[in-house]
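Notes follow the structure.
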Amino acid sequence: MLRCPVERIERTQQGHFRLVTGGEAPGAITCANLVLCAGLHVSKLAATLAYGGEYRPPETFYAKGQYYALSGRSPFKRHIYPLPDGAWLGLHATVDIGGRCKFGPDIEWIPGLDYSFVPEKLDKFLDFVRSYYPGLDATRLHPDYTGISTWMLSVYTASRLKGRTDAEAKQAVEGAIRQSEEWRLKHPDQR
Ligand SMILES: Cc1cc2nc3c(=O)[nH]c(=O)nc-3n(C[C@H](O)[C@H](O)[C@H](O)COP(=O)(O)OP(=O)(O)OC[C@H]3O[C@@H](n4cnc5c(N)ncnc54)[C@H](O)[C@@H]3O)c2cc1C
Numbered sequence: 003m004l005r006c007p008v009e010r011i012e013r014t015q016q017g018h019f020r021l022v023t024g025g026e027a028p029g030a031i032t033c034a035n036l037v038l039c040a041g042l043h044v045s046k047l048a049a050t051l052a053y054g055g056e057y058r059p060p061e062t063f064y065a066k067g068q069y070y071a072l073s074g075r076s077p078f079k080r081h082i083y084p085l086p087d088g089a090w091l092g093l094h095a096t097v098d099i100g101g102r103c104k105f106g107p108d109i110e111w112i113p114g115l116d117y118s119f120v121p122e123k124l125d126k127f128l129d130f131v132r133s134y135y136p137g138l139d140a141t142r143l144h145p146d147y148t149g150i151s152t153w154m155l156s157v158y159t160a161s162r163l164k165g166r167t168d169a170e171a172k173q174a175v176e177g178a179i180r181q182s183e184e185w186r187l188k189h190p191d192q193r
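Reminder that position 76 of the sequence shown reads as 78 in this note's numbering, one-by-one numbering, no gaps.
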C-alpha cells in the first residue's frame with residue numbers, strides 16, 4: 003500500500019491491532035498479527051502502541067555512513083567486500099551498472115537523523131580502503147552521499163531485562179560497539 007502513513011497503533015477489544023492511517027488514505031487497517039518494520043521510524047511508531055504494564059519499545063540507534071565516489075575508470079570489475087567482523091560490513095567498494103565505483107559506508111553513531119557529510123573523516127576512511135586497495139589516489143575521491151541505518155541492539159534490550167537502567171543499558175551498547183573491529187580500526191588511538 004503506497005502513500006499510506008500509519009499514524010498510530012491501537013489494540014481492539016478482541017486483542018487485534020488497529021493501524022490508524024493518514025495521508026492520502028485516511029482510515030484504519032485491522033490485523034491479528036503485526037510485524038513492525040518501519041525502518042528509521044520504527045521506535046516512534048511502536049511507542050504509539052499502548053501495551054499494559056511498563057512495556058517500552060526498544061530504542062533505535064542510528065548509524066550514519068558516508069560514501070565517496072571515485073572519479074574516472076573503476077579499478078574493479080566487481081564489488082569488493084572486506085571480510086566482515088561482527089555486524090558491520092566494513093568499507094566496501096561498489097561498482098554500479100554504469101561502471102562507476104564508490105567506497106563506503108564508514109560508521110558514526112549519531113543521536114538523531116542528520117545526513118550532513120563530514121569531510122574531516124577522510125583520513126580514517128582512506129586507511130581502511132587502502133587496507134585492500136593500496137593504490138587508492140585520494141584526489142580521485144569525491145563526497146557522494148550519506149545514509150543512516152538503524153540498530154535496535156539486543157545488548158540494550160538484554161541489559162534492560164536484567165534490570166539495568168536506561169543509562170546503564172546505553173553504556174553497555176557503547177561498550178559493545180567499542181569492541182567491534184570496525185570501531186577499533188577507526189579509532190586506533192583509543193585501543
Ligand atoms: C548507508 C547504508 C548502507 C547500507 N549497506 C548495506 C549493505 O551493504 N548490505 C545490506 O545488506 N544492507 C545494507 N544497508 C542496510 C539496508 O539498507 C537496510 O537494512 C534495509 O534497507 C532495511 O530494510 P527495512 O525494510 O527494515 O527498512 P526500510 O528500507 O527503511 O523500510 C522501512 C519502510 O517503512 C516505511 N515507514 C516508516 N514509517 C512509516 C509509517 N509510520 N507508516 C507507513 N510506513 C512507514 C518507510 O517509508 C520505508 O518504506 C545499508 C544501509 C545504509 C543506510
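From the three backbone atoms N, C-alpha and C, an ideal C-beta is built for every residue, glycine too.
Rounded C-alpha distance that separates residue i from residue j
i, j, result
"T14", "L36", "13 Å"
"H144", "F119", "11 Å"
"K66", "I179", "14 Å"
"R132", "L85", "14 Å"
"E122", "T152", "23 Å"
"T23", "A40", "14 Å"
"E26", "L128", "46 Å"
"L124", "G114", "22 Å"
"S161", "P190", "28 Å"
"P28", "D116", "29 Å"
Contact set for residue i: own chain, Cβ-Cβ below 8 Å, skip 5 residues either direction
i, result
"Y158", "P60, E61, F63, A171, K172, A174, V175"
"W79", "The residue asked about is misnamed: residue 79 is Lys in this sequence, not Trp. Cβ within range, chain order: V97."
"R20", "I11, E12, R13, T14, A30, I31, T32"
"A52", "E12, R13"
beta-carbon residue i near ligand 1 non-hydrogen atom, thresh 7 Å
i, result
"L51", "no"
"I82", "no"
"C33", "no"
"P107", "yes"
"V97", "no"
"I150", "yes"
"A40", "yes"
"G67", "yes"
Residue i vs residue j beta-carbon contact at 8 Å
i, j, result
"K126", "Y70", "no"
"L42", "I112", "no"
"L38", "A49", "no"
Residues near residue i by beta carbon distance below 7 Å, same chain, minus five either side
i, result
"I82", "H94, A95, Y134"
Chain-order list of residues whose beta-carbon lies under 6 Å from that of residue i (same chain, five-residue window excluded)
i, result
"S76", "V97, G101, C103"
"A34", "H18"
Any non-hydrogen atom of ligand 3 within 7 Å of residue i CB
i, result
"P59", "Within the structure as shown, ligand 3 is missing, the only ligands being ligand 1."
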